[in-house]
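Here the structure is laid out as structure tokens; the discussion comes afterwards.
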Amino acid sequence: MGNILRSQKQQQKPQEPVDPHGLKPATAAIAALTRDLRSFESSSVVNVNCIGDGDGFTAYVAIRDDPRELANVPQEVIIICSGNEILARKYRIRLRGVDAPELKMPYGKESKNALEKLIGGKSTKIYVYGQDQFERYVGDIYCDSVFIQEEMLRNGHAWHFKNYDRRPEFSAWERKARAARKGLWASRNPEKPWHWRRDERNERHGTIEVYSS
345 MGNILRSQKQ
355 QQKPQEPVDP
365 HGLKPATAAI
375 AALTRDLRSF
385 ESSSVVNVNC
395 IGDGDGFTAY
405 VAIRDDPREL
415 ANVPQEVIII
425 CSGNEILARK
435 YRIRLRGVDA
445 PELKMPYGKE
455 SKNALEKLIG
465 GKSTKIYVYG
475 QDQFERYVGD
485 IYCDSVFIQE
495 EMLRNGHAWH
505 FKNYDRRPEF
515 SAWERKARAA
525 RKGLWASRNP
535 EKPWHWRRDE
545 RNERHGTIEV
555 YSS
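Numbering (my numbering), first residue to last: 345 to 557.
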């Protein structure tokens, strides 16, 4: 994978480290990014506190002082890695094609814990396909040569998000988990997370929103 950016110690006057997750900066996730934003790869481990739920986490991209590269990455922060100050920029990552229960839903915490076990403390490779309406980068995630969405679906930790992804293997993995009553499928009628979010929005705004199954 060509043109990978590498972490560099900053030569400028030291700045106060920014710690968006309340972590010690040395534990923040740093990623290395190709210029075309089609894929990027972790250059340090993903801290579990950077994992928000069962289908999303935050990565940090180390950059060089190169205008072409600086133009390709969003919000900058200063973090600490191996004792060095590193200019990095934050990426919110959304797992492509799956939808995990929200944290306040039944099985929400279990789903998050499952993702933590798969990628927490490890390096990840991310293939980016675009951004969603919340400006998160949507991609396929690999860790230790394991396809993370496959593991989440096979073990019943997430739903196949068919409204946005039609890959037949995703549906097959979900069906097998359902048949085996794994994970969230131990419940006979688990609530779909997109329906839960719809109901939450309707309750807040006093509206009725129609959402297909």
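Just so you know, even glycine gets a beta-carbon here, dropped at the ideal spot from N, CA and C.
Contact annotation: SER515 and HIS501 have beta-carbon atoms that are not nearer than 8 Å. Here VAL392 is not near LYS466, since their CB atoms are 8 Å or more apart. Secondary structure note for GLY452: its alpha helix (DSSP H) is the uninterrupted segment 452 to 463. Residue environment analysis places ASN507 among the exposed positions, since fewer than 16 neighbouring C-beta atoms fall within 10 angstroms of its C-beta. Ranked by Cα distance from THR468, the options ARG548, ASN546, TYR404, PRO534 are led by TYR404.
No Cβ-Cβ contact shorter than 8 Å links LEU462 with LYS453. Contact between the region 485 to 501 and the region 431 to 445 is established, with three or more Cβ pairs separated by less than 8 Å.
If the five residues before and after GLU535 are omitted, its C-beta is found closer than 7 Å to the C-beta atoms of MET449, all from its own chain and listed in chain order. The Cβ neighbour count for ASN499, taken over all protein chains shown within 10 Å, is at least 16; the residue is labelled buried. Between the C-alpha atoms of GLY474 and ARG436 there is a straight-line separation of about 12 Å. In terms of Cβ geometry, ASP476 and ARG511 do not form a close pair [threshold 8 Å]. Between the beta-carbon of TYR471 and that of ASP484 there is about 5 Å, and that keeps the pair under the 8 Å contact cut. 8 Å or more divides the Cβ of ASP509 from the Cβ of SER455. Under the DSSP definition of a beta bridge, PHE514 lacks any partner.
For HIS549 and PHE478, the gap between their C-alpha atoms comes out near 19 Å. Secondary structure note for GLN493: its alpha helix (DSSP H) is the uninterrupted segment 492 to 498. Excluding sequence positions up to five before and after ALA521, its CB lies within less than 7 Å of the CB of LEU497, ARG498, ASN499, GLY500, GLY527, TRP529, all in the same chain and listed in chain order.
Rounded to the nearest whole angstrom, the CA to CA distance from ARG480 to PHE401 is 10 Å. Short of 6 Å from the beta carbon of ARG541, and not among the five residues preceding or following it, lies no beta carbon of its own chain. For ASP543, the uninterrupted alpha helix (DSSP H) segment begins and ends at 537 to 549. Here ALA521 carries a helix assignment [DSSP, helix/strand/coil]. Counting along the chain, VAL392 sits inside no beta strand (DSSP E), nor does DSSP assign it H or E at all. Counting along the chain, GLN475 sits inside the beta strand (DSSP E) bounded by residues 469 to 475.
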